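Asks:
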Amino acid sequence: MKTLVKMSMKLLIRTKIIWLFIVLMPVLSTLILKTKVDYTSFQEEFVPLVELENADKKVAYYGQDGEYVIKVYDASGSELSDYFLDKLANCGMFILCRVDISEETNSEEFINKHIDFDGHEDRMGSALYIPADFDEMMLEGRIEDALKLYVLSDDVRNEALEGEIKLQLSRINSFKADASKPEGVVESLKRIDEMVPEKKVVAISASNSNNLTATQINQKAVIGYAFSFLTLGFVFAGFFIANGAIQEQKNGVLTRINLTKTSTLTYFISKFVAALLISSAMTVIVGICSFALDMNDLGMNRIEFLYLVFMMGLIFCAFSMFMGIIMNDVFGASVASFTIWCTSSLFSGLYFPLDSASKGLKLLSSLMPQKWFMDGAEMIFVGDNKAFLMVICITVAYLAIILSIGSVGLKVRRSKEWGVS
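Take a look at the structure:
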């Protein structure tokens, strides 16, 4: 066994191109980890009041998680209408998408045209029109004429919206006698608001999810891109091990090894040990490069980071190696290695989050090893010590599957070769 491992390692060391992946990929990943880019666009942040650029912009995607969306056509733009919309948005039940139409000369015709468009081409709960004389109507007590509500869905929350609108309009109406100008009404209402206890929202994560801060989401995004480059290095490291095994089989080296009463199983175990050593060497290089990083920016210490890198690398190095050996073709093995890297990185969520993806895509993502290592990184971010046990279990499970499929594939291929001969 020791001799076989030495033979495999000598062959790998002499292969110069393997160092391109073993050294270059950790360096590239380090450069990515050093970048301080704001990826908070990945964060699913609840924004209750959205300003639209124009009235033609659709609002359907703002309610993708089931939120009740209201498109607001604001022809007033006054301080009083701003206060009304702010209170309506911050009640916590709706998302308001406001578009400024104060420069429209014929707002009634404009509204009728766009409400028809909203009902057929867009998707929202309701639309709200605030006329230009909103302040005057409120000061005169004409609450029913102060705005128009267009119900565009059969959502049960329509009644809640109507109730909230009546509540806020009645509050404004109750203070109209205290001031002759809308600005005075707003000041009186804000003084009352200051006396109300401040609302504090506490987010509680589910048992299978982690609530991450914006900083942690940025850290996760950067680590995902770094993992993608590292995966490429480990995959092709396994390919070069497989390439050596393929050449040895074609050149009769495996036959001569078998004549020494060394079993084929022992031979392939030696290849797995070589994959283990190469993965360790690449992890050491990553560790050396990590000294150029501030580990606080990664949200984990150096040992935790290298632990994730090594375990993930061992899986991909072993999988790529056995895939190449089973195919017994250098070109096919190289294509398979690149395909493994592309598909696994894409569907594991390394490049973009899959939180809002379909159930089928999430199921496919759960088959990718990187997905579980990204989950492990999340658990480390929030201080969950179960991350290390989870990573060990995932690694052992994948290696067991790889060895099982590899052994079956080798037996099938060898049986076909014997059958042909």
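By the working numbering, the letter at position 325 of the sequence shown is numbered 337, and the numbering carries on one by one without gaps.
Even glycine gets a Cβ: it sits at the ideal position worked out from N, Cα and C.
Computed from a predicted model, the values in this text were never measured in an experiment.
(1) With 16 other CB atoms within 10 Å as the buried threshold, where does W31 fall?
(2) Report the rounded CA-to-CA distance for A218 versus S275, giving the unit in angstroms.
(3) Between the stretch 243-259 and the stretch 330-337, do three or more beta carbon pairs fall short of 8 angstroms?
(4) Apart from the five residues on each side of it in sequence, which residues of its chain come closer than 7 angstroms, Cβ to Cβ, to S282?
(5) Please give the ranges of any beta strand (DSSP E) in the stretch 90-141, keeping only runs that are unbroken, at least 3 residues long and fully inside the region.
(6) Would you kindly work out how many angstroms separate the C-alpha atoms of I413 and S332, rounded to a whole number?
(7) Have a look at I34 and Q382 and give me their C-alpha separation to the nearest angstrom.
(8) Taking just the CA atoms, how far does Y141 sit from M149?
(9) How is A218 classed by DSSP in three states: helix, strand or coil?
(10) Report the start-end ranges of each alpha helix (DSSP H) in the stretch 315-400 that is 4 residues or longer and not cut off at the edges.
(11) Quick check: the Cα distance between N313 and C301, rounded to an integer number of angstroms?
(12) Under the three-state reduction of DSSP, which class applies to D86: helix, strand or coil?
(13) For the alpha helix (DSSP H) containing E199, list its first residue and its last residue.
(14) Mapping DSSP to helix, strand and coil, what is V247?
(15) Assign L61 to one of three DSSP states: helix, strand, or coil.
(16) Kindly indicate which three-state DSSP category T52 falls into: helix, strand or coil?
(17) Between N118, D157 and L164, which lies nearest to D134 when the distance is taken from Cα to Cα?
(18) Among R203, T272, A389 and D167, which has the Cα closest to the Cα of R183?
(19) Quick test of the definition: if touching needs 3 or more C-beta pairs under 8 angstroms, does the stretch 37-45 touch the stretch 235-243?
Replies: Straight from the coordinates:
(1) Indexing the sequence shown from 1 puts residue 31 at position 19. Exposed.
(2) The residue given as residue 218 occupies position 206 in the sequence shown. The residue given as residue 275 occupies position 263 in the sequence shown. Since pLDDT at A218 reaches only 47, below the 50 mark, its modelled position is unreliable, and the value read off the structure follows with that caveat. Each residue's alpha carbon lies about 50 angstroms from the other.
(3) yes
(4) As a first step, residue 282 is located in the sequence shown; it is residue number 270 there, counting from the start. Same-chain partners within the cutoff: M13, L16, V17 and S20.
(5) 106-112
(6) The residue you call residue 413 lines up with position 401 of the sequence shown. The residue you call residue 332 lines up with position 320 of the sequence shown. Their Cα atoms are separated by approximately 13 angstroms.
(7) Taking the sequence shown and counting its residues from 1, one reaches residue 34 at position 22. Taking the sequence shown and counting its residues from 1, one reaches residue 382 at position 370. Answer to the nearest angstrom: the Cα atoms are 19 angstroms apart.
(8) Taking the first residue of the sequence shown as position 1, residue 149 is located at position 137. Taking the first residue of the sequence shown as position 1, residue 141 is located at position 129. Their Cα atoms are separated by approximately 14 angstroms.
(9) Position 206 of the sequence shown holds residue 218. Only weak support exists for where A218 lies, its pLDDT of 47 falling under 50; the value from the coordinates is given anyway. In the structure shown, A218 sits in coil (DSSP, three-state: anything other than H, G, I, E or B).
(10) 342-359, 371-377 and 381-393
(11) Along the sequence shown, one-based indexing puts residue 313 at 301. Along the sequence shown, one-based indexing puts residue 301 at 289. Computed Cα separation, rounded: 14 angstroms.
(12) Counted from its first residue, the sequence shown places residue 86 at position 74. Three-state DSSP puts D86 in a strand.
(13) On the sequence shown, position 187 is the one that residue 199 refers to. It spans P194 to M207 - the alpha helix (DSSP H) in which E199 sits, taken as one unbroken run.
(14) Taking the sequence shown and counting its residues from 1, the one referred to as residue 247 is at position 235. DSSP places V247 in helix when its eight states are reduced to three.
(15) As a first step, residue 61 is located in the sequence shown; it is residue number 49 there, counting from the start. Three-state result, L61: strand.
(16) For the purposes of this step, residue 52 is taken as the residue at position 40 of the sequence shown. Note on T52: pLDDT 49, under 50, position unreliable in the model; the coordinate value appears next. DSSP places T52 in helix when its eight states are reduced to three.
(17) As a working mapping, residue 134 is identified with position 122 in the sequence shown. Of the candidates N118, D157 and L164, the one whose C-alpha sits nearest the C-alpha of D134 is L164.
(18) Here residue 183 refers to the residue found at position 171 of the sequence shown. Checking every option, the nearest Cα to that of R183 belongs to R203.
(19) yes
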